[in-house]
Structures are given as structure tokens and as C-alpha cells.
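Take any residue in the sequence shown, count from 1 to its spot, add 253: that is its number in our numbering.
Please read the structure below before turning to the comments.
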Amino acid sequence: MLRRILVPVNFTPASARAVAVARDHRPENAVIRLLCVINPSEIAAAAANPAINPMHAREERSKAESEAIEKLKGWAREGEEIAVEIGSTAEKISEHADTWGADLIAMGTRGRTGLSQFLHGSATEWLVRHAKQPVLAVHDVELDPEQAKLMPPVEKTDK
Numbered sequence: 254m255l256r257r258i259l260v261p262v263n264f265t266p267a268s269a270r271a272v273a274v275a276r277d278h279r280p281e282n283a284v285i286r287l288l289c290v291i292n293p294s295e296i297a298a299a300a301a302n303p304a305i306n307p308m309h310a311r312e313e314r315s316k317a318e319s320e321a322i323e324k325l326k327g328w329a330r331e332g333e334e335i336a337v338e339i340g341s342t343a344e345k346i347s348e349h350a351d352t353w354g355a356d357l358i359a360m361g362t363r364g365r366t367g368l369s370q371f372l373h374g375s376a377t378e379w380l381v382r383h384a385k386q387p388v389l390a391v392h393d394v395e396l397d398p399e400q401a402k403l404m405p406p407v408e409k410t411d412k
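Right, here's the structure in full:
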């Protein structure tokens with residue numbers, strides 16, 4: 254029985270679809286936790302290298318965490334939990350799933366292949382191979398109208 258479903262999000266349409274699928278298929282008493290992992294390389298250069306300016310690094314990290322929390326609050330529904338981690342995406346998701354006691358990891362995937370997959374890697378692929386929990390990979394495809402109602406709001410980006 255699924256009691257804890259971890260849904261890592263990066264605020265893309267693929268992760269919004271993963272949230273919708275998790276909501277659509279969760280058992281009645283299961284808890285969904287939305288997790289945002291911030292990669293240190295995505296924070297300002299000073300935050301990635303605290304030796305340069307430790308105070309600025311802490312400020313940038315705190316700012317990134319606060320922004321992620323606010324976005325997660327916009328995505329979460331009543332009764333859903335949110336969490337933010339900083340580190341390597343796949344490893345932090347796996348660690349968080351273990352620590353929290355997740356029964357399932359449901360996450361979006363963009364379906365990269367070839368050179369793009371080689372250069373950028375895939376947290377989903379890594380988790381499918383290494384996570385202790387089952388991983389539900391939700392493809393970036395159209396949902397039926399009922400599932401679309403379960404999607405959180407997604408900002409349009411050029412990514």
C-alpha cells in the first residue's frame with residue numbers, strides 16, 4: 254500500500270504532469286510531498302563557492318530556498334507537504350526518499366535521447382537504476398481533461 258508519494262518538481266510541464274498523475278492515482282490516505290532540489294550550480298557563483306564570499310553565498314542560498322518554497326506553496330494542495338533540498342538532484346531525491354520513508358517516487362521526464370541525454374543526463378534515469386523505491390516516470394505528454402484539472406499552474410518558459 255502506498256502511504257508516502259514523493260514528487261520531485263522543477264516547475265516544468267513534465268513535473269506538473271507528474272504531480273497530476275500522483276494526485277490522480279494516490280490512495281485515499283496517502284501523503285504527497287512535493288520536493289524541489291536546487292543544484293548549487295543554479296545558485297549564483299558565489300553561493301557555489303562559499304570561499305569567495307561566505308556571507309553572499311549564504312544570502313544567495315537562502316534566497317533560492319525561499320523562492321522555491323514560495324513556488325512549492327503555489328503548487329501544493331491542502332494536505333500535501335513541501336520540502337526543499339540543495340545538492341545533486343538525483344542523489345538528493347534518493348536521500349530524501351529514504352529519509353522520509355517514501356513508498357514511491359513519481360517524477361516527470363522530458364524523454365531526452367542521444368547527445369542531449371549524454372550531455373545533460375537524467376535524474377529520472379539515475380533514480381530508476383539506483384533508488385530503493387519504485388520510480389514512476391511520467392512522460393511530458395497531454396493529459397486527459399480530468400487529469401489536467403489536477404495539474405498545478407506552470408509558468409511558460411523558453412526551456
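Where a beta carbon is used, it is the ideal one built from N, C-alpha and C, also for glycine.
Computed from a predicted structure; not experimentally measured.
Distances from the alpha-carbon of Ala384 to those of Asp393, Gly327 and Leu357 put Leu357 closest. At a cut-off of 3 residues, the continuous stretches assigned as beta strand (DSSP E) that sit fully inside the stretch 260 to 339 are 284 to 291 and 334 to 339.
Its chain contains Thr265, Ala267, Ser268, Arg270, Ala271, Val391 and Asp393 as the residues whose beta carbon lies nearer than 7 Å to that of Gly361, once the 5 sequence neighbours on both sides are disregarded; these appear in chain order.
Lys316 counts as exposed, since fewer than 16 other C-beta atoms from the protein chains shown sit within 10 angstroms of its C-beta. Excluding its 5 nearest sequence neighbours in each direction, Lys326 has C-beta neighbours in its own chain below 7 Å: Ile335, listed in chain order.
As a beta-bridge residue in DSSP terms, Ile358 pairs with Leu259 and Val388.
Annotation: Ala359 to Ser319 spans about 24 Å, alpha carbon to alpha carbon. Per DSSP, the unbroken alpha helix (DSSP H) holding Arg382 starts and ends at Ala376 to His383. In the three-state reduction of the DSSP assignment, Asp393 falls in the coil class, being assigned neither a helical nor a strand state. Ranking Ala376, Gly332 and Leu288 by CA distance to the CA of Asn282 puts Gly332 first. The C-alpha of Ile346 is placed about 8 Å away from the C-alpha of Leu380.
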